[in-house]
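First up is the structure itself, then whatever we jot down about it.
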């Protein structure tokens, strides 16, 4: 049973560029959440996708956008990269059903460095 | 006021001792609480969750919840060097968002 997978593992971009990160949820999970984790901090919620719609968003600017596909996989896009966007980006998936919404399982993350 | 706060670390304990980690939260409506373990350079791993007041035990881990005091804790009994990691407390805020504390780093001395 494959867990949550993310690609790429590492990425180096220049300020002003755009980046796309990808996530495949754990088998049987239909909900995907994205988090940003800066060094020494806890993960910060970016947004959550369910049924191909963004259903909740954290305190992140519109430069951060996402998408969920019919197979439940998801992408995170960040435009006009800033140095402060350098972080570990985590994807977490949850099983379906209201009772399990918060039991989120994380992928290995994508380390983004903006220079 | 932060949504989730954890006691500042780092926490250093000798092998075989009990490590005690604390977490407070601001939303009185929160009903479920999660502890994640994160090894250096790795992603968070869910190790415990608790929904009801009182204690929940899973192996060497015990989660304790006191909703009246808005307090949740994690005890690690018989601490092992492999328990050395950062422990993150997570609390749902609103319908779908998990809010995380900054984490407490635990070092188990052999």
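Residue numbers (our numbering), protein chains in the order written: chain A, 1 to 115; chain B, 1001 to 1110. Cβ coordinates follow ideal geometry from the N, Cα and C atoms, glycine included.
Taking C-alpha atoms, which residue in the options lies nearest to residue i?
i                       : options                           : result
residue 1060 of chain B : B:1110, B:1001, B:1016 and B:1089 : B:1016
residue 991 of chain B  : B:1106, B:1108 and B:1093         : Outside the displayed span of chain B (1001 to 1110) sits residue 991 of chain B, for which this structure offers no information.
residue 41 of chain A   : B:1096, B:1008 and B:1001         : B:1008
residue 1023 of chain B : B:1074, B:1108 and B:1045         : B:1074
residue 69 of chain A   : A:4, A:8, A:30 and A:115          : A:30
residue 1068 of chain B : B:1031, B:1013, B:1083 and B:1077 : B:1031
residue 1021 of chain B : B:1099, B:1055 and B:1063         : B:1063
residue 1080 of chain B : B:1001, B:1012 and B:1002         : B:1012
residue 113 of chain A  : A:2, A:3, A:4 and A:8             : A:8
residue 32 of chain A   : A:59, A:45, A:63 and A:12         : A:45
residue 10 of chain A   : A:3, A:4, A:2 and A:20            : A:20
residue 1053 of chain B : B:1089, B:1010, B:1033 and B:1083 : B:1033
residue 1095 of chain B : A:57, A:23 and A:4                : A:57
Taking a contact to mean a Cβ-Cβ separation below 8 Å, would you say residue i touches residue j in this structure?
i                       : j                       : result
residue 28 of chain A   : residue 108 of chain A  : no
residue 18 of chain A   : residue 91 of chain A   : no
residue 76 of chain A   : residue 34 of chain A   : yes
residue 53 of chain A   : residue 47 of chain A   : no
residue 15 of chain A   : residue 88 of chain A   : no
residue 1044 of chain B : residue 1036 of chain B : yes
residue 74 of chain A   : residue 102 of chain A  : no
residue 105 of chain A  : residue 93 of chain A   : yes
residue 43 of chain A   : residue 36 of chain A   : yes
For residue i, write down the residues that DSSP places opposite it in a beta bridge.
i                       : result
residue 56 of chain A   : A:48
residue 1055 of chain B : B:1064
residue 95 of chain A   : A:29
residue 1076 of chain B : B:1019 and B:1061
residue 1045 of chain B : B:1037
residue 1024 of chain B : B:1005 and B:1071
residue 22 of chain A   : A:7 and A:75
residue 105 of chain A  : A:93
I want to check one thing, is the minimum distance from the CB of residue i to the heavy atoms of the ligand GTP below 7 Å?
i                     : result
residue 75 of chain A : Because no ligand of any kind appears in the structure shown, any question about the ligand GTP cannot be addressed here.
For residue i, does the three-state DSSP call read helix, strand or coil?
i                       : result
residue 39 of chain A   : coil
residue 1101 of chain B : coil
residue 66 of chain A   : strand
residue 1082 of chain B : helix
residue 1011 of chain B : strand
residue 76 of chain A   : strand
residue 82 of chain A   : coil
residue 1092 of chain B : strand
What whole-angstrom Cβ distance do residue i and residue j have, given they're in contact under 8 Å?
i                       : j                       : result
residue 1103 of chain B : residue 1004 of chain B : Not a contact, Cβ separation roughly 10 Å.
residue 1106 of chain B : residue 1085 of chain B : 6 Å
residue 1018 of chain B : residue 1077 of chain B : 5 Å
residue 1038 of chain B : residue 1098 of chain B : Contact flag wrong, Cβ pair sits at about 14 Å.
residue 115 of chain A  : residue 12 of chain A   : 6 Å
residue 1056 of chain B : residue 1048 of chain B : 7 Å
Step through the CB atoms of chain E and report whether any lies within less than 8 Å of the CB of residue i.
i                     : result
residue 61 of chain A : The chain labelled as chain E is not found among the protein chains of the depicted structure, namely A and B.
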